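Here is the structure we will look at.
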Amino acid sequence: MPIEWTTDEQKAFLQEELVQFKRMGGRRYTKLCLTKEQADTLSKAVLTRQQQLRRWMHWHAGAGRNRTVNNKTAKIINDLLKPKTRMKKPWEVYSKIYYKTRIQPQISAGMPIADVNKKIREMFESETAEIRVEVFRLCEEQKQDMRKRAAEGEEGGTEKATDATGEASRRDPDLLQGNIQRCGAALQQVLEHLEIQTGWKFSVLMGGPDPMDPEGANVIASLHVGKTKDDKDFAGVYAGFDTTVIEAYGEFLAAVFCKLFDSATGRL
-5 MPIEWTTDEQ KAFLQEELVQ FKRMGGRRYT KLCLTKEQAD TLSKAVLTRQ
45 QQLRRWMHWH AGAGRNRTVN NKTAKIINDL LKPKTRMKKP WEVYSKIYYK
95 TRIQPQISAG MPIADVNKKI REMFESETAE IRVEVFRLCE EQKQDMRKRA
145 AEGEEGGTEK ATDATGEASR RDPDLLQGNI QRCGAALQQV LEHLEIQTGW
195 KFSVLMGGPD PMDPEGANVI ASLHVGKTKD DKDFAGVYAG FDTTVIEAYG
245 EFLAAVFCKL FDSATGRL
């Protein structure tokens, strides 16, 4: 929605006259006797105000419908973010344990989530036998826990439930981290659907505090839907993406979270 240009009084007046405005559209009115200069000035002023009014009517006429759509969209996104009843794959367990100490230093700022996951899988495959044994042991414990939950009639693999306001999610670092990890897949699904429905392409920047970092350092990630004929997304086509775009977004996050952005590391 564009920036509001009305005062509170003007907005109240427009809301009262919305229905009448639609009825009066298309009618002709008697022209006033003006000089050419006055007529030109009036014409420009009328055109400007008509454009403002049309934009206002466009954005507000379906306000009730838009609220319903927004509620449905929020429900869909919340459903996509819900933990799935499945076992975590070994590389996912590896990521949960070693992301801060081993993985994060290898991830560049703004790296697409698909590339991040690919990098994690590659790192896990090349890890030491000791670490891989530990990860597989935890996977086996996870499997036993899910079987126990199933036997007790519980839903396996679910995380802590959040209340209606999401307060539990904001307090629980593990739950936050899980939501962040699922965010990429959820957004990918939504944007790919929107790509089909609209024919548009999408690029998303996201970032914020790392819930697993004791100092609350901020990280940035990106997601792109749409590629050129030579199989490049926006980050691949625009040479300045990792510098200009990511740095600008980092400065924005710095203002939001009141931290200094380090362009060399892509972290705040």
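Counting in my numbering, the sequence shown tops out at residue 262, every number present.
For glycine and all other residues, C-beta sits at the position ideal for the given N, C-alpha and C.
Computed from a prediction, not measured in an experiment: that's the story for all the values here.
Item to check | Buried/exposed call for residue 50, threshold 16 Cβ in 10 Å | outcome: By the neighbour-count rule (16 or more Cβ atoms within 10 Å), residue 50 is buried.
Checklist entry - So, is residue 160 buried or exposed, given that buried needs 16 or more other C-beta atoms within 10 angstroms? => result Note that residue 160 scores a pLDDT of 48, beneath 50, so its modelled location is shaky and nothing firm can be said.
Item to check | Same chain, Cβ closer than 8 angstroms to residue 81, five either side skipped, listed in chain order | outcome: Result list for residue 81: 133, 136, 137, 140 and 151, in chain order.
Item to check | Rounded separation between residue 155 and residue 41 - CA only | outcome: Because the pLDDT at residue 155 is just 39, under 50, the model does not fix this residue reliably, and the point stays unresolved.
Next on the checklist: If I follow the unbroken beta strand (DSSP E) through residue 202, where does it start and stop?
Outcome noted: In the DSSP annotation of this structure, the continuous segment of the beta strand (DSSP E) that includes residue 202 starts and ends at 196 to 203.
Item to check | residue 182 classed as buried or exposed, judged by whether at least 16 other C-beta atoms fall within 10 angstroms | outcome: Residue environment for residue 182: buried (at least 16 other C-beta atoms within 10 angstroms of its C-beta).
Next on the checklist: According to DSSP, is residue 208 part of a helix, a strand, or is it coil?
Outcome noted: Reduced to three states, the DSSP call for residue 208 is coil.
Item to check | Range of the contiguous alpha helix (DSSP H) that encloses residue 169 | outcome: That run of the alpha helix (DSSP H) goes 167 to 192.
Checklist entry - So residue 120 is in the alpha helix (DSSP H); what residue range does that whole segment cover? => result Taken as a continuous stretch (DSSP letters only), residue 120 belongs to no alpha helix (DSSP H), as it is neither H nor E.
Next on the checklist: Could you tell me the alpha carbon to alpha carbon distance between residue 174 and residue 83, rounded to whole angstroms?
Outcome noted: Counting only the Cα atoms, residue 83 lies some 17 angstroms from residue 174.
Item to check | Expected contact under 8 angstroms - CB spacing of residue 103 and residue 190 to nearest Å | outcome: Contact doesn't hold; Cβ gap of about 30 angstroms is too wide.
Next on the checklist: My assumption, with CB atoms under 8 angstroms, is that residue 227 sits in contact with residue 220. Please give the rounded CB distance.
Outcome noted: Confirmed, about 7 angstroms.
Checklist entry - For residue 102, which three-state DSSP category applies? => result Note: residue 102 maps to coil in three-state DSSP.
Checklist entry - In chain order, what residues of the same chain have a beta carbon less than 8 angstroms from the beta carbon of residue 87, not counting five sequence neighbours either side? => result 129, 132, 133 and 136.
Item to check | Status (buried if at least 16 other CB within 10 Å, exposed otherwise) for residue 37 | outcome: With a threshold of 16 other beta carbon atoms within 10 Å, residue 37 falls short and is exposed.
Item to check | Residues sharing a beta bridge with residue 89, DSSP | outcome: Its beta-bridge partners do not exist; DSSP assigns none.
Checklist entry - In whole angstroms, what separates the C-alpha of residue 245 from that of residue 192? => result If I take the Cα positions, the gap works out to 31 angstroms.
Checklist entry - With a CB to CB cut of under 7 angstroms and the five nearest residues on each side skipped, what residues in its chain are close to residue 46? => result For residue 46, same chain residues with a beta-carbon under 7 angstroms away, outside a window of 5 residues either side, are -1 in chain order.
Item to check | C-alpha distance - residue 43 paired with residue 243, whole-angstrom precision | outcome: Near 35 angstroms, if we compare the C-alpha coordinates of residue 243 and residue 43.
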